[in-house]
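Participant:
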Amino acid sequence: MNIAKRIRTLRHARHMTQSELAGEQISREMISMIETGRIQPSLETLQYIARQLDITPAQILADETEEGEFQATALREKMFRRYDAGDWDAAIALAQSSEGVDDGVCLLLCQCYVRRGAACYENQKLSAARDAFNRALWYSKRTRYDTTAISGVIARYQYLLDELYYGSGSGNWTQQDFVTQSADFFRLISAFHHAKDHTTDETSGTPFFQDVCYRRAFDGARRMEQGAYAEAKKIFTALLDRQMPPDPALHVYVLQSLEHCCAECQDFRAAYQYSVKRLALLQQLKQETKEESHT
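Numbering follows our numbering, with no gaps: position 50 of the sequence shown is 71.
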């Protein structure tokens with residue numbers, strides 16, 4: 022058994038210095054000699070070190086066959102600390118530098134890539150977002166933990182990205198199909214933020230409806246379904262005048278809806294102007310994606 026290596030690994034996982042591990046009962050020099058294998062700790066010293074590390078002495082005195090298990094435990098702890106601090110890239114780098122990953126590490130990697138993908142999506146880095154969600158999906162299938170919920174989040178993001186690339190937000194549509202396509206697209210945005218469709222009660226207190234921009238966009242979608250295009254136009258115009266969340270799909274949806282509302286209200290000049298803005302935004306998103314692929 023390699024007690025020295027195990028103590029050193031567990032100390033590093035907890036971001037402790039040798040002095041912090043030594044505490045008040047033993048010296049830092051003794052910890053240094055133990056970790057380099059120059060001396061073997063007594064049972065009393067081992068019990069004290071275990072208490073300092075918040076583990077049992079058995080975890081230090083494990084057989085060699087359990088070495089991998091403790092290394093994985095230390096890796097998970099370090100990854101979780103990075104993840105909990107919001108540094109998902111650092112957590113991913115830790116896993117990539119290790120020799121192997123277990124179920125827990127795969128689950129953490131899945132969650133880290135989802136967070137990375139969401140950040141890229143909000144910063145309009147669509148290619149990087151797509152790559153991150155693909156990796157998240159890959160790791161979600163390689164753990165025995167239940168990933169149903171997180172897989173649903175991944176699927177919604179991927180669907181939104183596809184919609185921005187190829188769906189009704191980026192192409193042309195007939196007037197009679199618009200309301201159905203628009204409602205489906207907004208339902209998708211709704212599901213992306215919270216696993217609810219656009220018929221959810223606004224008083225539910227969900228994170229989705231707590232954001233006033235999404236709540237107003239939801240109102241606009243309902244007005245369009247009711248044929249109240251003038252009212253919907255006012256709602257979506259007001260949305261453009263306020264600071265909307267950094268959600269590319271929402272921005273495209275608002276411009277797309279304004280284009281249709283103006284056309285239905287016989288304001289074809291404004292409809293054309295919103296169409297130009299929508300297509301320019303999509304071109305910008307795709308251009309940024311193209312630039313990402315060359316960096």
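From the three backbone atoms N, C-alpha and C, an ideal C-beta is built for every residue, glycine too.
Note that the structure is a prediction, hence the values are computed from the model and not measured.
Does Tyr-250 come out as helix, strand or coil in the three-state DSSP assignment?
Facilitator: Taking the first residue of the sequence shown as 1, we reach residue 250 at position 229. Here Tyr-250 sits in helix by DSSP.
Participant: Which word fits Phe-154, buried or exposed, when buried means at least 16 other C-beta atoms lie within 10 angstroms of its C-beta?
Facilitator: In the sequence shown, counting from the first residue as 1, residue 154 sits at position 133. It is buried - the Cβ of Phe-154 has at least 16 other Cβ atoms within 10 Å.
Participant: Apart from the five residues on each side of it in sequence, which residues of its chain come closer than 8 Å, Cβ to Cβ, to Ala-25?
Facilitator: Here residue 25 refers to the residue found at position 4 of the sequence shown. Once the five neighbours on either side are set aside, the close Cβ partners of Ala-25 are Ile-55, Glu-56, Thr-57 and Gly-58.
Participant: On the DSSP letters alone, give me the boundaries of the alpha helix (DSSP H) that Cys-283 sits inside.
Facilitator: Locating residue 283 in the sequence shown gives position 262, where the first residue counts as 1. That run of the alpha helix (DSSP H) goes 269-285.
Participant: If you drop the 5 nearest sequence neighbours on each side, which residues of the same chain put their C-beta closer than 6 Å to that of Arg-163?
Facilitator: Translated into the one-based positions of the sequence shown, residue 163 becomes position 142. Cys-127.
Participant: Locate the alpha helix (DSSP H) running through Ser-119, then write down its first and last residues.
Facilitator: Translated into the one-based positions of the sequence shown, residue 119 becomes position 98. Looking at the DSSP string, Ser-119 is not in any alpha helix (DSSP H), and its letter there is neither H nor E.
Participant: When we look at the beta-carbon of His-36 and count the other beta-carbons within 10 Å, is it buried (16 or more) or exposed?
Facilitator: Within the sequence shown, residue 36 is the residue found at index 15, counting from 1. His-36 should be labelled exposed.
Participant: Find the nearest neighbour of Ala-249 within the set Leu-279, Asp-262, Gln-264 and Ser-118, judged by alpha-carbon distance.
Facilitator: Start at 1 with the first residue of the sequence shown, and residue 249 comes out as number 228. Answer by Cα proximity: Leu-279.
Participant: Do you know how far the Cα of Lys-146 is from the Cα of Ser-296?
Facilitator: Walking along the sequence shown from the start, residue 296 turns up at place 275. Walking along the sequence shown from the start, residue 146 turns up at place 125. Using only the alpha carbons, I get a separation of about 22 Å.
Participant: Put Pro-266 into one of helix, strand or coil per three-state DSSP.
Facilitator: Taking the first residue of the sequence shown as position 1, residue 266 is located at position 245. In this structure, Pro-266 counts as coil in the three-state DSSP scheme.
Participant: Kindly list the residues whose CB is nearer than 7 Å to the CB of Val-273, restricted to its own chain and excluding five residues on each side of it in sequence; keep chain order.
Facilitator: In the sequence shown, residue 273 corresponds to position 252, counting from 1. Leu-185, Gly-190, Arg-299, Leu-302 and Leu-303, listed in sequence order.
Participant: Measuring alpha carbon to alpha carbon, tell me which of Ile-171, Gln-277, Ala-238 and Gly-173 ends up nearest Gln-294.
Facilitator: Indexing the sequence shown from 1 puts residue 294 at position 273. Closest option to Gln-294, Cα to Cα, is Gln-277.
Participant: Could you tell me how far apart the beta carbons of Leu-42 and Gln-73 are, in whole angstroms, since I believe they sit closer than 8 Å?
Facilitator: Residue 42 sits at position 21 when you count from the first residue of the sequence shown. Residue 73 sits at position 52 when you count from the first residue of the sequence shown. Going by Cβ atoms, the distance from Leu-42 to Gln-73 rounds to 5 Å, so yes, they are a contact pair.
Participant: Can you grab the Cα-Cα spacing for the pair Leu-261 / Leu-181, in whole Å?
Facilitator: Here residue 261 refers to the residue found at position 240 of the sequence shown. Here residue 181 refers to the residue found at position 160 of the sequence shown. Distance between the alpha carbons of Leu-261 and Leu-181: 21 Å.
Participant: DSSP three-state label for Gly-107, please.
Facilitator: For the purposes of this step, residue 107 is taken as the residue at position 86 of the sequence shown. Coil at Gly-107, not helix or strand.
Participant: Determine whether the beta carbon atoms of Arg-165 and Asp-124 lie at a separation below 8 Å.
Facilitator: Within the sequence shown, residue 165 is the residue found at index 144, counting from 1. Within the sequence shown, residue 124 is the residue found at index 103, counting from 1. Yes, the pair counts as a contact, with Cβ atoms nearer than the cut-off.
Participant: Going straight from the alpha carbon of Tyr-134 to that of Gln-287, what length do you get?
Facilitator: Within the sequence shown, residue 134 is the residue found at index 113, counting from 1. Within the sequence shown, residue 287 is the residue found at index 266, counting from 1. Near 46 Å, if we compare the C-alpha coordinates of Gln-287 and Tyr-134.
Participant: Any heavy atom of the ligand ATP closer than 7 Å to the Cβ of Tyr-166?
Facilitator: The model depicted lacks the ligand ATP and carries no ligand whatsoever.
Participant: To which residues of the same chain is Pro-78 closer than 7 Å at the C-beta, ignoring the five residues directly before and after it?
Facilitator: The sequence position of residue 78 within the sequence shown is 57, counting from 1. Same-chain partners within the cutoff: Leu-67, Gln-68 and Ala-71.
Participant: Can you tell me which of the three DSSP states Thr-57 falls into?
Facilitator: For the purposes of this step, residue 57 is identified with residue 36 of the sequence shown, where counting begins at 1. If DSSP states are grouped into helix, strand and coil, Thr-57 belongs with coil.
Participant: Please check the pair Gln-92 and Thr-30, which I expect to be a contact at CB under 8 Å, by giving their CB distance rounded to whole angstroms.
Facilitator: To locate residue 92, count along the sequence shown from 1; it is residue 71. To locate residue 30, count along the sequence shown from 1; it is residue 9. Contact holds; Cβ gap of about 7 Å.
Participant: Please classify Asp-183 as buried or exposed, where buried requires at least 16 other C-beta atoms within 10 Å of its C-beta.
Facilitator: On the sequence shown, position 162 is the one that residue 183 refers to. By the neighbour-count rule (16 or more Cβ atoms within 10 Å), Asp-183 is not buried but exposed.
Participant: Do Ala-112 and Leu-129 have their CB atoms nearer than 8 Å?
Facilitator: As a position in the sequence shown, residue 112 is number 91, starting the count at 1. As a position in the sequence shown, residue 129 is number 108, starting the count at 1. Yes. Within cutoff.
Participant: How is the alpha helix (DSSP H) around Asp-152 delimited, first residue to last?
Facilitator: For this step, residue 152 is matched to residue 131 along the sequence shown. Per DSSP, Asp-152 belongs to the alpha helix (DSSP H) from 147-161.
Participant: Under 7 Å Cβ to Cβ from Asp-240, same chain only, skipping five residues before and after it: list those, please.
Facilitator: For this step, residue 240 is matched to residue 219 along the sequence shown. Hits under 7 Å: Ile-256.
Participant: Rank Thr-94, Pro-62, Arg-103 and Ser-63 by C-alpha distance to the C-alpha of Ile-76 and give the top, closest one.
Facilitator: The residue given as residue 76 occupies position 55 in the sequence shown. Out of Thr-94, Pro-62, Arg-103 and Ser-63, the CA that lies nearest to the CA of Ile-76 is found in Thr-94.
Participant: Which of the three DSSP states is assigned to His-33 in this structure?
Facilitator: Within the sequence shown, the letter at position 12 stands for residue 33. Here His-33 sits in helix by DSSP.
Participant: Tell me whether Asp-268 is buried or exposed, calling it buried when 16 or more other Cβ atoms sit within 10 Å of its Cβ.
Facilitator: Along the sequence shown, one-based indexing puts residue 268 at 247. Its Cβ being crowded by 16 or more others within 10 Å, Asp-268 is buried.
Participant: Quick check: what's the CA-CA separation for Ala-149 versus Ser-119?
Facilitator: Numbered from 1 along the sequence shown, position 128 holds the residue referred to as residue 149. Numbered from 1 along the sequence shown, position 98 holds the residue referred to as residue 119. Straight-line Cα distance between these residues: approximately 23 Å.
Participant: Between which residues of its own chain and Glu-143 is the CB-CB distance below 7 Å, once the five residues before and five after are set aside?
Facilitator: Reading the sequence shown from its first residue, position 122 is the one you call residue 143. Contacts found: Pro-267 and Asp-268.
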